[in-house]
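Numbering (UniProt numbering), first residue to last: 1 to 876. Written out below as structure tokens is the structure these notes cover.
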Ligand SMILES: Nc1nc2c(c(=O)[nH]1)N[C@H]1C(S)=C(S)[C@@H](COP(=O)(O)OP(=O)(O)OC[C@H]3O[C@@H](n4cnc5c(=O)[nH]c(N)nc54)[C@H](O)[C@@H]3O)O[C@H]1N2
Ligand SMILES: Nc1nc2c(c(=O)[nH]1)N[C@H]1C(S)=C(S)[C@@H](COP(=O)(O)OP(=O)(O)OC[C@H]3O[C@@H](n4cnc5c(=O)[nH]c(N)nc54)[C@H](O)[C@@H]3O)O[C@H]1N2
Ligand code: SF4
Ligand SMILES: [Mo]
């Protein structure tokens, strides 16, 4: 960012809004300065989050269950101790002892450093306008200065007025297809009233599993059909493919595997690095180059046939398309998966040797793996989505399912096959506890179009787009290309400039727009390229809420207010209402109830499943509670009193071996496939799926006819083939002979918290390179290196490791780009500088298989991130 060296004068922290009484919480000027101390050498704060409390009892004050709400892979209880109006400590769950049966939902270090985010020097404190931007569009916008301009503080009235004026102009002249929106929290809800906006659909988290895989017979996103966690110990082997829950499922999730580990279950890790998860389980490492898992699994399937470890009964009963005798009724091709494996159609048997040349896995490992996952063993095959966040990984979902079916690993205790992601890692089964609805009316986007996010910069440049459809492939129509002039990008609840592929393309394309708005906590990458930035209150500043969508099946996490909105920040609720009123709409129609009422409705609506399997209200609510809150509700009887629930910060179902909550994935289908068909056309698992092949081919992002109805190996536009000059594996090296993948990193959740001092101290965010590749380039551990791809160039300090396959580079996801050196090199090491907007297949964000190279950097060595001044905003 161009403003990195300009430090915005921190305004005096307004004390007007701090709560009084038991829920008092603020951070005094003294504590604030200790919170922002960044250098590891800085003296320990006298008293503060890391400090000792001197004569005061460390626990004196009031503990509040506070929010932790990132898209971070975890869902934990985050508690803060408030003393004399200051947050002085943070802690986690203490409401009961921790055991396998009754897990505590303990937080990770990010959660425990959150006070530094909420009270951080880098918060957006006031509404801001980019200095050269003026309403009216065209040259008035000075789009060429986005990301480089200065900023001025404006009032809320001015900010809302600018947005309203531009809304009237843009919708009036160009209509809703000129507007791109990310989510509908505040401004987005108003855009829905004005005719809607184009949405962005991304394959970000689940990669090619974002395809309409229900057509294959899989559950949506391949989630939910693992077995209940109590069954993990019954496996002989648990395979984890392309995931790293030790880093990416923060909190308690890894404990789902504890019984299995203690019982001596063999763990196998498949991926390019021997990561923290593999190390924790002392797993056998099967190395596979990023983006080549399709080749690996094809080699495994071939070897399973060779070794005669295929469960043909399972294939014949539950699947279609494995061989010519079991084809689905709608097949148009006289081909099947077995024929492809043995080379009937292309003359190439997919042997272990064939696979090894592509995926880099030793032949012996492929053969060993094939035997290990064969029908004679109890195996749980779990994948995260790193292998699917690759270009040309479109066949992964079908092939992973096929490998599981060939071993017969579904529907039985000790066997499983499916997604192990975030808090779902190692835990299947329906939710046992849920929170209720807010009661706020849902707004509807009248424009149902979704543009693939990886293509958005190209679409903006070219003024045309093609809607992807709800799940990739549902309602997609290749012919339906729409022309439009894009004018406005409204970002809320996402950090699009940061997390969409291709920052170089973004920086160019964004100049064309008339208007970019962003709702932000901090001056992150998206804010840096916006025109109007609205300061959004964090969840610590709201009445309370529930930590959303990635909870485990056994827990709901609830949080309460820590402080009134800081500085001039407002909640989405308030922002939306202001804009509605300014545009002559009735705010009460969109937000007919108070924030307190909305939160209370969620509490009232909480349910749990009792031991007899009945769903019941969770929280006991008395007439006194209702009077105290001043809300509309009826008293009810539940399993936990309201105050106990709120002070614990969660409710976790207490489990026991053999209780009524156990779950075996696919059991209903396996027990009675006629009565419980899968949602595919045939009702079975489709190893041959006509729809899949036809749909992927129709999307047009890969050469015509690339896809077959059964899973095949497809070369990536960059990736493995791109390592070689002529794209022939084994030939002369290309200019970018390595593959870069992006580990989700401990310092941050995507971009969130990248700026937090303690986290910068704790995690230096190096680039991980293999010892062999480093030696070949004369690079030693700790050297500053330039990592470059066809799309951009970044600096990082090299961490030279043996636990990474030669040929791979691991650049942590989520650093806030910093081009302050003016030489076009990002000194922060942002992943999307190296990842361009290259798509294939269904139009994926292929984060994990771009090509790159690195060299020792001859310029000035990088200073550790934690030594840099806090990045704030340049004011005019
Ligand atoms: N700390 C932290 N945690 C997070 C997040 C975060 O930003 N920070 N983000 C959350 C979100 S939204 C998500 S989607 C999840 C992602 O969660 P994960 O998918 O578990 O995370 P990654 O770090 O992308 O990948 C994990 C491992 O996959 C391996 N890998 C990379 N490419 C390939 C490949 O092509 N094939 C195979 N077989 N393995 C590969 C690498 O060894 C890497 O260690 O994390 C969540 N958790
Ligand atoms: N190169 C590369 N790119 C990637 C990835 C990768 O591995 N490599 N990973 C991808 C993945 S898996 C994902 S999920 C995406 C994530 O992409 P994003 O969703 O864009 O990332 P976040 O940082 O989670 O962005 C959420 C933003 O909303 C804000 N926010 C959170 N809650 C609220 C709220 O309640 N109200 C408001 N107003 N704002 C809120 C956060 O502070 C943050 O700024 O990134 C993807 N991008
Ligand atoms: S894993 Fe996520 S929810 Fe849990 S403490 Fe860390 S940041 Fe918070
Ligand atoms: Mo994600």
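Just so you know, even glycine gets a beta-carbon here, dropped at the ideal spot from N, CA and C.
Residue i burial status per 10 Å Cβ neighbour count (16 or more: buried)
i, result
"residue 879", "The structure shown does not extend to residue 879, since the chain is modelled only from 1 to 876, so the question has no answer here."
"residue 279", "exposed"
"residue 348", "exposed"
"residue 454", "buried"
"residue 840", "buried"
"residue 332", "exposed"
"residue 26", "The predicted model places residue 26 with a pLDDT of 39, which falls under 50 and marks its position as unreliable; any figure quoted below should be read in that light. Buried, by the Cβ-count rule."
"residue 635", "exposed"
"residue 778", "exposed"
"residue 676", "exposed"
"residue 43", "Confidence at residue 43 is low in this model, with a pLDDT of 33, below 50, so its placement is unreliable and the value that follows should be read with caution. Residue 43 comes out exposed."
"residue 212", "buried"
"residue 48", "Unreliable placement is indicated for residue 48, whose pLDDT of 38 sits below 50; the coordinate value is still reported in the next sentence. Label assigned to residue 48: buried."
"residue 821", "exposed"
Opening and closing residue of the beta strand (DSSP E) in which residue i lies
i, result
"residue 534", "532 to 535"
"residue 510", "Segment: none, residue 510 is in no beta strand (DSSP E) and carries neither H nor E."
"residue 544", "544 to 546"
"residue 153", "151 to 153"
"residue 788", "784 to 788"
"residue 516", "515 to 520"
"residue 201", "198 to 201"
Continuous alpha helix (DSSP H) stretch holding residue i: start and end
i, result
"residue 245", "245 to 248"
"residue 647", "642 to 648"
"residue 795", "Run containing residue 795: none in the alpha helix (DSSP H); it sits in the beta strand (DSSP E), 793 to 801."
"residue 334", "First-last for residue 334: undefined, no H or E at that position."
"residue 397", "396 to 407"
"residue 190", "187 to 193"
"residue 499", "496 to 499"
For residue i, the nearest candidate out of the options (CA to CA)
i, options, result
"residue 888", "531, 131, 548, 164", "Residue coverage of the chain in this structure runs from 1 to 876, which leaves residue 888 outside it and unanswerable."
"residue 456", "428, 499, 493, 444", "499"
"residue 371", "411, 306, 331, 336", "306"
"residue 268", "496, 238, 275, 221", "238"
"residue 906", "831, 778, 254", "Lying outside 1 to 876, the shown extent of the chain, residue 906 is not represented and no answer is given."
"residue 817", "507, 363, 374", "507"
"residue 484", "496, 493, 467", "467"
"residue 396", "630, 291, 640, 450", "291"
"residue 463", "361, 179, 142, 275", "179"
"residue 504", "718, 810, 834", "834"
"residue 120", "720, 87, 742, 139", "87"
"residue 661", "432, 404, 95, 60", "432"
C-beta atoms of residue i and residue j nearer than 8 Å
i, j, result
"residue 177", "residue 654", "no"
"residue 203", "residue 472", "yes"
"residue 577", "residue 565", "no"
"residue 516", "residue 537", "no"
"residue 182", "residue 545", "no"
"residue 767", "residue 796", "yes"
"residue 288", "residue 271", "yes"
"residue 583", "residue 167", "yes"
"residue 649", "residue 93", "yes"
"residue 81", "residue 89", "yes"
"residue 102", "residue 131", "no"
"residue 511", "residue 144", "yes"
"residue 846", "residue 716", "yes"
"residue 789", "residue 850", "yes"
"residue 559", "residue 65", "yes"
"residue 105", "residue 251", "yes"
"residue 699", "residue 842", "yes"
Notebook entry, point to check: Could you give the uninterrupted runs of the beta strand (DSSP E) lying entirely in the segment 549 to 608, keeping only those of 3 residues or more?
Noted result: 555 to 560
Let me know the alpha helix (DSSP H) ranges lying completely inside the segment 694 to 782, each 4 residues or longer, listed in chain order. 719 to 722, 757 to 762, 771 to 776
What residue ranges within the segment 243 to 299 form continuous beta strand (DSSP E) runs of no fewer than 3 residues, ordered along the chain?
266 to 271, 284 to 287
- Task: Within the UniProt domain "4Fe-4S Mo/W bis-MGD-type" (61 to 122), note down every full alpha helix (DSSP H) run reaching 4 residues or more, in order along the chain.
- Result: 109 to 112, 114 to 118
> For the segment 434 to 482, which segments carrying the alpha helix (DSSP H) assignment without a break, of at least 4 residues, lie completely within its bounds, in sequence order?
Replying inline: 456 to 462
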